[in-house]
Each structure stands twice: as structure tokens, then as C-alpha cells.
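Just so we're aligned, residue 2 is where the sequence shown starts under this note's numbering, counting upward by one. All residues carry an ideal CB built from backbone N, CA and C; glycine is no exception. Below: one structure, written as C-alpha cells.
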Amino acid sequence: MSVMALDTKAGRGVAVALAVLGWLARFVAVVLVIATFNFVLVHAAPGDPAQVIAGQSGSADAKLLAQLRAEYGLDKPYPVQLATYLKRIVTLDLGYSYRQQRSVLSLLGERLPATLLLTCTAFFLALAAGVLLGTLAGMRAGKWSDTVLTIVSLLLYAMPVFWLGLMLVLLFSVKLDWLPAFGYVTIGVEMTAFERLRDIASHLVLPAVSLAAVHMAIYARLMRSSVIELAHQDFIKTARAKGLKQGRIVARHILRNAILPVVTVAGMQAGALVGGAVVIETVFAWPGLGRLTYDAVLQRDYPVMLGIFLMMSVIVILLNLVTDAIYRLVDPRVSLRAAS
2 MSVMALDTKA GRGVAVALAV LGWLARFVAV VLVIATFNFV LVHAAPGDPA
52 QVIAGQSGSA DAKLLAQLRA EYGLDKPYPV QLATYLKRIV TLDLGYSYRQ
102 QRSVLSLLGE RLPATLLLTC TAFFLALAAG VLLGTLAGMR AGKWSDTVLT
152 IVSLLLYAMP VFWLGLMLVL LFSVKLDWLP AFGYVTIGVE MTAFERLRDI
202 ASHLVLPAVS LAAVHMAIYA RLMRSSVIEL AHQDFIKTAR AKGLKQGRIV
252 ARHILRNAIL PVVTVAGMQA GALVGGAVVI ETVFAWPGLG RLTYDAVLQR
302 DYPVMLGIFL MMSVIVILLN LVTDAIYRLV DPRVSLRAAS
């Protein structure tokens, strides 16, 4: 191996290392900015944990309030509180819950798997169903099936998420008794590992469908427009003239190009799924971060609220990175332009 080849490989290694370090520096900077913004917003809201705790104890006098604020560090100036909070974040210390007297990190660790299960299932369900329905509607544009799919997409897009969830509960749980209405798993029943997985899956169906419905409608409409536009391009006409079958044209030429805008929008809206989980988890009593957020807001539990907001922000950033990687795989031209 020549010296020039070794120098080239070493140079590439250094470039990759510098790129990774630069990304990590930007990631840390973005997280700190988001944490600061969250801290300002949370503390700008009226009321504080001391007032809530004292009010629930039935002894909201000035002495007790001052004692509680001193105990939780709420009597210090905001810049001091903010500096202390940011210093804890750097050491991955999110503090302790005022209400539950537990580490915020342990609370998030308990609730995060349920939220990830719900949001990931809803995301892939919305993406798969949206791409499939949008492709079918685009290939049959102007026909009755296209009209039906368009009307269904518009209805799903217009429905409030919580209302759709309640209607699904009334239909599939109350009327038909096919699926459980609330919770994560059936309590008080001994089950094998397979039975437990099946039970969790049955509890997951309604909240996942409710959360995915709006996004599925968006992806379907976007996919339909892309398919209709691509179906009249010259390279598609050339493929048909060569005698290629319709299924191969759709799979290899239309679908791969039409899905690019859907991937872009899906990546930008992945964070909306995490935010929408707050409503859905409350409706279906799903024990995830959304339900924990709802309880923390009511109790003014600042450390839990800030920990949840920070974790959701990190998840959104990571989802955007994954979307960028997927986009590069789907469209190699992106990598070529980045390299040029």
C-alpha cells in the first residue's frame, strides 16, 4: 500500500472524526438552548409547586410556603436556578420529583418504553398506510376509489384526535367488545410471555390507530399528488413504451421517487406524534410520558416537566437525524450533492 493511499485514508478518518465532533458540539448546544427555553417557559407559568403542595395539605400559610420554596430551591433568583439546572443537565442529573420524591431519570426510564412503543407503532402505521392508500389513489386518479380514499383522508385529517379515540372506544370496546378500552396490560391475570405480548398488542391497537389517523391522511394526500405528477413524466412513458409491467413501473420508478416528499414531511412531523401522545395517553390511560406530563403539569412538578420536555426534544432531534439518513438512502443524489 502506497504512502499516498495511507495519507488519503488518514485524511478521511480525520475528516470523519471532525464531522462527528462538530455534530456533537451542535447537538449539545441545541439541547442547552432548548433546556433554557423550557426553563423560562415553565417558570413563567402562574403558580409554583410550593403553592400546590401547601394547598393540598390544607395549610397554605406564608411560613409553610417560604419553607417549601427554600427546601426546593425556589427562593433563589431565576439566573441561579437556571445555572444550577443547566449544570445538572451536563452531568445527566435531571433532579428529583417534588411530588413522588423519586429521581426524574428513573421516572422517565419507567414511562419511556410505553411512549416509544405507542409513537413508533403509530408512526410506521401512518407511514405504511398513507403510502399505500396514496399510491392506490394516485394510480386510480379520477375514479370512484380515488374519490372514496380522498374523502376518508379528509375526514380523518379533520377529526380531533381525542374525539376519534373516544369513538373507537365506543365502537370496538363498548359495542363490539373486541378490544380493551384502556390501560397497557390486563392487571391481575397470570399470563405466559406470549400471552402478555398479545395482551399488550391488543391494548395498543386503539391508541396507535387514533394517533396515526391524522398523519396517515396527510401522507396519503401527499403521496397521491406525487404519484399523479410522476405518472405523466417522460421516463414513466418511456418505461411503458418498453413494455414494462405496471407493477414494476410503480415499484421501481414511481414509488421510489414519489415517496421522497413523504419522507421529508414524516421526519418533520415525527415530533408531532410525540406531542400528540400526551392527549392519546390521557384518553386511553396509557402509562407513558404523555400521562406523566399531564400529571406533572397539574401538580406543577417542575423537575418532571423539564425532564419530559428535554427528553422529547432529544427524541425529536434524533428522529430528524434518522430521517436525514433514510432520505440519503432513498435518494442517493443527496449524498452526491453533499459530497460535491
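For Gly131 against Ala221, the beta-carbon gap comes to about 4 Å, under 8 Å, which counts as contact. Cβ neighbours of Thr116 within its own chain (closer than 6 Å, five residues either side excluded): Ala278, Gly289, Leu290.
Looking at the backbone, the Cα of Leu198 and that of Val186 are separated by about 9 Å. Bounds of the alpha helix (DSSP H) holding Ile90 are 79-91. Here Ser227 carries a helix assignment [DSSP, helix/strand/coil]. Scanning its chain for C-beta atoms nearer than 8 Å, with the 5 sequence neighbours on each side dropped, one finds around Gln270 the residues His216, Ile219, in chain order. Per DSSP, reduced to three states, the secondary structure at Ser104 is strand. One alpha carbon belongs to Leu307, the other to Trp145, and they sit about 50 Å apart.
Residue pairing from DSSP places Tyr97 in a beta bridge opposite Ser104. If you look at Asp296, you'll find it in the alpha helix (DSSP H) that goes 290-300. DSSP places Ile152 inside the alpha helix (DSSP H), whose first and last residues are 145-159.
Judged by their CB atoms, Val210 and Leu169 are nearer to each other than the 8 Å cut-off.
Arg222 sits in a helix when the DSSP states are folded into three classes. Setting aside the 5 residues that flank it on each side, Ile260 is surrounded in the same chain by Val132, Met224, Ser227, Val331, each with a C-beta closer than 8 Å to its C-beta; the list follows chain order. For Asn39 and Val21, the gap between their C-alpha atoms comes out near 27 Å. By the neighbour-count definition (other C-beta atoms within 10 Å, threshold 16), Pro161 is an exposed residue. Leaving aside the five residues that flank Ala213 on each side, the residues in its chain whose CB is nearer than 6 Å to its CB run, in chain order, Ala123, Leu126, Ala127. When the Cα atoms are used, Ile229 and Ala194 turn out to be separated by approximately 46 Å.
In this structure, the straight-line span from the alpha carbon of Leu256 to that of Thr136 is close to 8 Å. The criterion of a C-beta distance shorter than 8 Å is not satisfied by Leu42 and Leu87. In the structure shown, Leu167 falls within a helical segment according to DSSP collapsed to helix, strand and coil. Under the 8 Å Cβ criterion, the segment 273-287 does not count as touching the segment 84-102, having fewer than three qualifying pairs. In the three-state reduction of the DSSP assignment, Pro181 falls in the coil class, being assigned neither a helical nor a strand state. Leu33 sits in a helix when the DSSP states are folded into three classes.
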